[in-house]
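Protein chains in written order, with numbering that gives the first Met the number 0: chain H, 0 to 411; chain Y, 0 to 323; chain Z, 0 to 458.
Idealized CB from N, CA, C, for every residue including glycine.
Only a predicted model underlies this, so the values are computations on that prediction, with no experimental measurement involved.
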Amino acid sequence: MRGRPLLYTSYEADQALLNTTTKRVMLGLFLLVLVTIPFQLIPGIKFMGQEDWLRLLTTTAIFVIGAFGLNILTGLAGQVSLGHAFFMAIGAYTAVWLGGPEGGPLIGLGLPIWIWLPAAGLVAALIGVAVGPTAVRVRGLYLAIVTLGLVFIGEYVWRNWNSLTGGAQVGRDFPPLQFRWWKEDPPVFDATTPSTWFGVEVSAIAKSFFVMTLLAVLFSLLAKNLQRTRVGRAFMSIRDRDIAAEIMGVNEFAYKLLAFGISSFYAGIAGALLASFVTRVIPERWDLALSVQFIAIVLIGGVGTVTGAVLGTGFVVLLPRVVQNFTLWLQATAVEGKGVLSAIADVFVATTPDDFGLVNTFAGVGPGLSVAQLNLVLYGLLIIGFLIFEPLGLYGIWLRIRNYWKGWPFTY
Amino acid sequence: MTSGVLVLAQETLVPNEFAQMLVDGISFGAIYALLAMGFVIIFKATSVLNFAHGALTGLGAFLVAAFTTVLVFPGRYLTFLPEWAQWTASVLTALVVAALFGVLLERIFLRPMVGEALFAVAIVTLGIDIVVRTITNDWIGTQPRPLGAPWGLDGVDLRWVRISWSEIIQIIVTVVLLVLIMVFFRTRTGIAMRATAFDQETARAQGINVGRVFSMAWAIGAFLAGVAGLFYSIYPRRATGVDQSTAFIAFRAFPAVIIGGLDSILGAVVGGFAVGVAEAAANTYLQFEALGSGFPGIVGYLLMMIVLLIRPYGLYGTPEVRRV
Amino acid sequence: MRSKSKWLAILLVLGLVLAACGGGDTGDTTTTAAAEEEPTTTAAPSEGTTTTAAPGGDVATDVGVDLDAGTITVGLLSDLSGPFAPLVQVIVAGHEMYWADVNANGGINGLQVQLQTRDTAYVVDTHVQLYEELKGQVVAFGHSTGSPQTVAINPSLQADGILAIPLTWYSGWSDPAINANLVPHGVPYCIESMNMIEYLTLQNPEATTIAIASSPGDYGEDSNAGARLAAEALGLEIVYDGTGLINAADEATLAEVAGGIAGSAADLVWITTSPTPFGSIYGQALAAGFTGAIWSGAGPTWNPALVGPDSPIKDALAQNFFISQYYAPWAADSPGNQAVRDLVTAAGADPLDYYAEGVIEAKILHQALLAAYEAGDMTQAGVLAAAKSLESVTFDGLAPDETYVGEPNDRVQRQQFISRPDPAGLAGGTSTGATLIESNYTSPIAEAFEFTEACFALS
Numbered sequence: 000m001r002g003r004p005l006l007y008t009s010y011e012a013d014q015a016l017l018n019t020t021t022k023r024v025m026l027g028l029f030l031l032v033l034v035t036i037p038f039q040l041i042p043g044i045k046f047m048g049q050e051d052w053l054r055l056l057t058t059t060a061i062f063v064i065g066a067f068g069l070n071i072l073t074g075l076a077g078q079v080s081l082g083h084a085f086f087m088a089i090g091a092y093t094a095v096w097l098g099g100p101e102g103g104p105l106i107g108l109g110l111p112i113w114i115w116l117p118a119a120g121l122v123a124a125l126i127g128v129a130v131g132p133t134a135v136r137v138r139g140l141y142l143a144i145v146t147l148g149l150v151f152i153g154e155y156v157w158r159n160w161n162s163l164t165g166g167a168q169v170g171r172d173f174p175p176l177q178f179r180w181w182k183e184d185p186p187v188f189d190a191t192t193p194s195t196w197f198g199v200e201v202s203a204i205a206k207s208f209f210v211m212t213l214l215a216v217l218f219s220l221l222a223k224n225l226q227r228t229r230v231g232r233a234f235m236s237i238r239d240r241d242i243a244a245e246i247m248g249v250n251e252f253a254y255k256l257l258a259f260g261i262s263s264f265y266a267g268i269a270g271a272l273l274a275s276f277v278t279r280v281i282p283e284r285w286d287l288a289l290s291v292q293f294i295a296i297v298l299i300g301g302v303g304t305v306t307g308a309v310l311g312t313g314f315v316v317l318l319p320r321v322v323q324n325f326t327l328w329l330q331a332t333a334v335e336g337k338g339v340l341s342a343i344a345d346v347f348v349a350t351t352p353d354d355f356g357l358v359n360t361f362a363g364v365g366p367g368l369s370v371a372q373l374n375l376v377l378y379g380l381l382i383i384g385f386l387i388f389e390p391l392g393l394y395g396i397w398l399r400i401r402n403y404w405k406g407w408p409f410t411y
Numbered sequence: 000m001t002s003g004v005l006v007l008a009q010e011t012l013v014p015n016e017f018a019q020m021l022v023d024g025i026s027f028g029a030i031y032a033l034l035a036m037g038f039v040i041i042f043k044a045t046s047v048l049n050f051a052h053g054a055l056t057g058l059g060a061f062l063v064a065a066f067t068t069v070l071v072f073p074g075r076y077l078t079f080l081p082e083w084a085q086w087t088a089s090v091l092t093a094l095v096v097a098a099l100f101g102v103l104l105e106r107i108f109l110r111p112m113v114g115e116a117l118f119a120v121a122i123v124t125l126g127i128d129i130v131v132r133t134i135t136n137d138w139i140g141t142q143p144r145p146l147g148a149p150w151g152l153d154g155v156d157l158r159w160v161r162i163s164w165s166e167i168i169q170i171i172v173t174v175v176l177l178v179l180i181m182v183f184f185r186t187r188t189g190i191a192m193r194a195t196a197f198d199q200e201t202a203r204a205q206g207i208n209v210g211r212v213f214s215m216a217w218a219i220g221a222f223l224a225g226v227a228g229l230f231y232s233i234y235p236r237r238a239t240g241v242d243q244s245t246a247f248i249a250f251r252a253f254p255a256v257i258i259g260g261l262d263s264i265l266g267a268v269v270g271g272f273a274v275g276v277a278e279a280a281a282n283t284y285l286q287f288e289a290l291g292s293g294f295p296g297i298v299g300y301l302l303m304m305i306v307l308l309i310r311p312y313g314l315y316g317t318p319e320v321r322r323v
Numbered sequence: 000m001r002s003k004s005k006w007l008a009i010l011l012v013l014g015l016v017l018a019a020c021g022g023g024d025t026g027d028t029t030t031t032a033a034a035e036e037e038p039t040t041t042a043a044p045s046e047g048t049t050t051t052a053a054p055g056g057d058v059a060t061d062v063g064v065d066l067d068a069g070t071i072t073v074g075l076l077s078d079l080s081g082p083f084a085p086l087v088q089v090i091v092a093g094h095e096m097y098w099a100d101v102n103a104n105g106g107i108n109g110l111q112v113q114l115q116t117r118d119t120a121y122v123v124d125t126h127v128q129l130y131e132e133l134k135g136q137v138v139a140f141g142h143s144t145g146s147p148q149t150v151a152i153n154p155s156l157q158a159d160g161i162l163a164i165p166l167t168w169y170s171g172w173s174d175p176a177i178n179a180n181l182v183p184h185g186v187p188y189c190i191e192s193m194n195m196i197e198y199l200t201l202q203n204p205e206a207t208t209i210a211i212a213s214s215p216g217d218y219g220e221d222s223n224a225g226a227r228l229a230a231e232a233l234g235l236e237i238v239y240d241g242t243g244l245i246n247a248a249d250e251a252t253l254a255e256v257a258g259g260i261a262g263s264a265a266d267l268v269w270i271t272t273s274p275t276p277f278g279s280i281y282g283q284a285l286a287a288g289f290t291g292a293i294w295s296g297a298g299p300t301w302n303p304a305l306v307g308p309d310s311p312i313k314d315a316l317a318q319n320f321f322i323s324q325y326y327a328p329w330a331a332d333s334p335g336n337q338a339v340r341d342l343v344t345a346a347g348a349d350p351l352d353y354y355a356e357g358v359i360e361a362k363i364l365h366q367a368l369l370a371a372y373e374a375g376d377m378t379q380a381g382v383l384a385a386a387k388s389l390e391s392v393t394f395d396g397l398a399p400d401e402t403y404v405g406e407p408n409d410r411v412q413r414q415q416f417i418s419r420p421d422p423a424g425l426a427g428g429t430s431t432g433a434t435l436i437e438s439n440y441t442s443p444i445a446e447a448f449e450f451t452e453a454c455f456a457l458s
């Protein structure tokens, strides 16, 4: 049957996680490229192997896990939540409660990662189910603001619960990414120190990158799989028409609670991993801006698709860096003062206090935005632009490109 | 005493705790009510959940500061009027400019989104919030900008309660604006707005200029946000004026919107005052060490959750009709 | 749809351009602080140096110093869009002005100093991220904004052997346990409160009670740890303690603190927060009839806007407030202040005190870079070692001298400046709202205080 695309001879093949050869090959290539990044083997993306880019990519991997969670709740089950940061915080503080140093000034039991990481997800899921009844009662935009309330209430608790969180503006260190069998055992795996694998030097950050990427892949498989199960279909039916779903025998209440639980589980894991990776986190980190970031990820990537969540995370997490480099480049070009590009750049950049320009290189002096402010404005404009011009998100663009090549050269 | 410190006789008045709490709560509630009203009007007419309301608040307050103390326009040409009238003229000019900004934002960023999913539109407003807030912050600059309210710290002291002119004016202005808006909704334009809120397409088919209604809603919303920003940026809230953090107040007003019901203007005002009084009450009566710092700040959200458990669409909100 | 597709295409192109820039090598992204002068290539290193060996001869370098191009690159980890952006923007501008001036006058032995400024937004993970980005480009960090943020990069600083100047006045930065790679400046919060509270009792010898309140975190906790020590030593009763209660984003906490202070009827008030919440608290306490106390607040509490022409509290502040400062205010009569005024005026900017903070940080780094050059080691570790062996950094009256050698108790800064609010001077343009009354002030309690470790532990 090779060579006959989209011909399926069994339901298993039709419903497979990766139902075409192209998808399988693409995924394989993508993973291969990811693995080589820290070793700077592929020209063109070598810069991604630098430590700071690896940090960004690792953060992306962690955010991808969180984004899957929100995507299940919002994309599959149709429940919009602005409370993702709250559940991430629950995960992070569960992790530090169980995994933090024992006997110190702050709460901590000193347990190993194989306890605190799953627990972070489970406790967040439990709390998600516990607040579920309130959330299930309200719908639509009301739900959004109820979950917004969770973030503010959470922030109040974290700011005041000093013995657990370290206190407002102080924070505490989170358990590192080390795998050990029991409290005081020597670590079997340690992502905080470099080591040599098969004769190749692997830095600490590269190890974190591998761990997080592996976890992200694992969770993406779970998320993708969920879509084709009974539960996933029930979620989608609730999203599309809740009353119709109920008539068809889908228990709306139970499935909404389940959606909250699963979503919070992902959020909790992502929160614990993020805190562990950053090492020190202050309670103010779990704020509305973090929730908003996840909403932006889901919408920009494309609602309800795993690929979309990955694309969206890449976009939102990497965008500030890219915009920053762009403005720095603009600035350098304008200062250089040579050639056409410079002249164009100079329109945007004010190089002296009385020069005209959208951006002022003298921070805080003279008219024009500072480079940091331009970053923010571009970030905002890109979010707006995406939603106005491509409501399906990056996934929509991807679909369009794919369909174009499917029909090529016969475009109509 | 070398550097000439004036040590006055200590006289701390002890007003009636409950009355003072009510005054504090109602006056802060007025700010919430103004924010919530603007929010609800925009939501009602255009079905946009406006997360950029904070940015509009900051922008409005900044414009008031710019027109009253920097440009002094048109106050500087009205020297024949008393000082308070000059100031008021500048404030009104600033608020009209703020309203125009609101119209412009709707026209550029939200008109193309008509018909898209409500949540996509809401996230567009989050993007607008980032853009407008950043640019406003650049305009505000590094120093807080005072708004130069002519009454300063003055107020009335009735011995059993103390109330500043700011607070009296806030409450009066809020009530007057509420009445004006209620009346406005009975006018021809107001009815067009209600019709649009009910069903955009049908309204259009009836010959209502839906675009104009959208512009109008955003103008009113931005105007009200500006008034809220003004009252939030003067004594007794922020004696130093508008600064880069002014915009964050809008998030405190969300519970007011929800308690009242997303689409009820009266509800917004009731919700605003309810949240204000609840916060003040928590501040006055819940002084326990264990509660830590900032408990009154979340009372609004707790109240909101309780209300929603009983009435899922707020006190005055219209329940969504669910059909297959 | 047609027009939508067109816009989409433009967006995509923009995206590609952005992506291309992301891949660019780091050489593209350096910026010169010498904005208004010739491109840096014209300033040949050999012209500027005569006494020392020609650059490239016997000076060791690794990261951030390029002897062939004649450049030194310095990193700034600044909060340019977070809660402290209004302040830090000006401080960064102070850095830029100072280095532009140094560069125009021959640089550091002919080497031009370039700044790499990054916006951390006061988020710890962004801070760490940007540290990782810059550590391979810069020879040292001209400042690192925020205490938890600086604590978070501290292990990396130590592992990488890089110097950073913390942009906070937490007492822990002089604590030998964590300051191996940090050179603090200015009086730490806890010693500052000892200075000021004792000074306030000199203004009102009758005072027997004090109210203290603060923002949360190391800032408020550290400050009030000192305040409690001072109150005990002076026999003052703390009648209201609102440590950590002030949350600038939450007006309810401001009303609570204002009520607490007014209700306590204290003789003295020591408050540790930022200008906007302070203005509200002060105004509300005033309106509640609380007019008899003398007030003062930790350095970052003050802002000239509090006594601006339209401020309703300016007259009251002029009567009963004392401004605590880490450096001399704008209008102070000293060569160091004159230099700052010249720099700011030359750049066409309005007078503000915070430029001085940038200049002070830059001067410390300048001394460290010069010393490293002398020692022939301009590696990251070399600059760190040079900074840590500076026996005296002077600021020509702008700030008290700093030293980075010796025991913690010997090198911790105890001197500061005290001013009175000056609304008339601000309105008339002759000052930034502060008149200096005490230079290099140290109170006996602060002098006697044995400093061995942070007043408040941050971890």
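Exercise. With DSSP run on the structure shown, which of helix, strand or coil describes serine 213/Z?
Worked result: strand
Exercise. Is any heavy atom of the ligand NAD found at a distance shorter than 7 Å from the C-beta of glutamine 199/Y?
Worked result: Absent from the structure shown: the ligand NAD. Ligands present: none.
Exercise. Where does serine 207/H land, buried or exposed, given buried means 16+ other C-beta within 10 angstroms?
Worked result: buried
Exercise. For leucine 285/Z, which of Arg158/Y, Ala238/Y, Asp242/Y has the nearest alpha-carbon?
Worked result: Ala238/Y
Exercise. Just by C-beta distance, which residues in the segment 75-91 of chain Z are closer than 7 Å to chain H?
Worked result: Leu79, Ser80, Gln88, Val89, Val91
Exercise. Name the chain H residues whose beta carbon is nearer than 8 Å to that of alanine 151/Z?
Worked result: Under the 8 Å cutoff, chain H gives Val277, Thr278, Arg279.
Problem set entry | Continuous beta strand (DSSP E) stretch holding valine 155/Y: start and end | 154-156
Exercise. Can you list the residues of chain H that glutamate 105/Y reaches, using a CB-CB cut of under 8 Å?
Worked result: Result: empty, since nearest Cβ-Cβ is about 13 Å, beyond 8 Å.
Problem set entry | Residues of its chain near isoleucine 152/Z, where Cβ-Cβ distance is below 7 Å and the 5 sequence neighbours each way are ignored | These residues qualify, in order along the chain: His126, Val127, Tyr130, Ser143.
Problem set entry | is_contact[alanine 295/H, chain Y] using C-beta, thresh 8 Å | yes
Exercise. Quick one: which chain Y residues come within Cβ less than 8 Å of asparagine 302/Z?
Worked result: What asparagine 302/Z touches in chain Y: Gln142, Pro143, Thr239.
Exercise. What did DSSP end up calling proline 165/Z once you bin it into helix, strand or coil?
Worked result: strand
Exercise. If you measure beta-carbon to beta-carbon, which residues of the segment 390-409 of chain H are closer than 7 Å to chain Y?
Worked result: Pro390
Exercise. Does the beta carbon of alanine 249/Y come closer than 8 Å to any beta carbon on chain H?
Worked result: no
For this session: Quick one: grab the DSSP three-state call for glutamate 101/H.
Result: coil
For this session: Give me whichever residues DSSP pairs with glutamine 415/Z in a beta bridge.
Result: Tyr440/Z
Problem set entry | Nearest to threonine 192/H (by Cα), restricted to the options Leu373/H, Asp184/H, Gly107/H, Phe178/H | Phe178/H
Problem set entry | Coil, strand or helix - tryptophan 329/Z by DSSP | coil
For this session: Can you tell me the Cβ-Cβ gap for leucine 244/Z and serine 244/Y, rounded? I've got them flagged as a contact below 8 Å.
Result: About 18 Å; that fails the 8 Å criterion.
Exercise. Just curious, the beta strand (DSSP E) that leucine 114/Z is in, first and last residue?
Worked result: 111-118
Exercise. Where in the segment 175-226 of chain H do unbroken runs of the alpha helix (DSSP H), each at least 4 residues long, occur, reported from the N-terminal end onward?
Worked result: Every unbroken stretch of the alpha helix (DSSP H) spanning 4 or more residues and falling wholly within the segment 175-226 of chain H is given here in chain order: 203-226.
For this session: Pick out the complete beta strand (DSSP E) segments inside the segment 130-170 of chain Y, 3 residues or longer, and give them in chain order.
Result: 154-156, 161-163
For this session: Tell whether a beta-carbon distance below 8 Å holds between leucine 147/H and phenylalanine 253/Y.
Result: yes
For this session: Please go through the same chain and pick out, in chain order, the residues whose beta-carbon is closer than 6 Å to the beta-carbon of leucine 152/Y, but skip the five residues on each side of it.
Result: Tyr234
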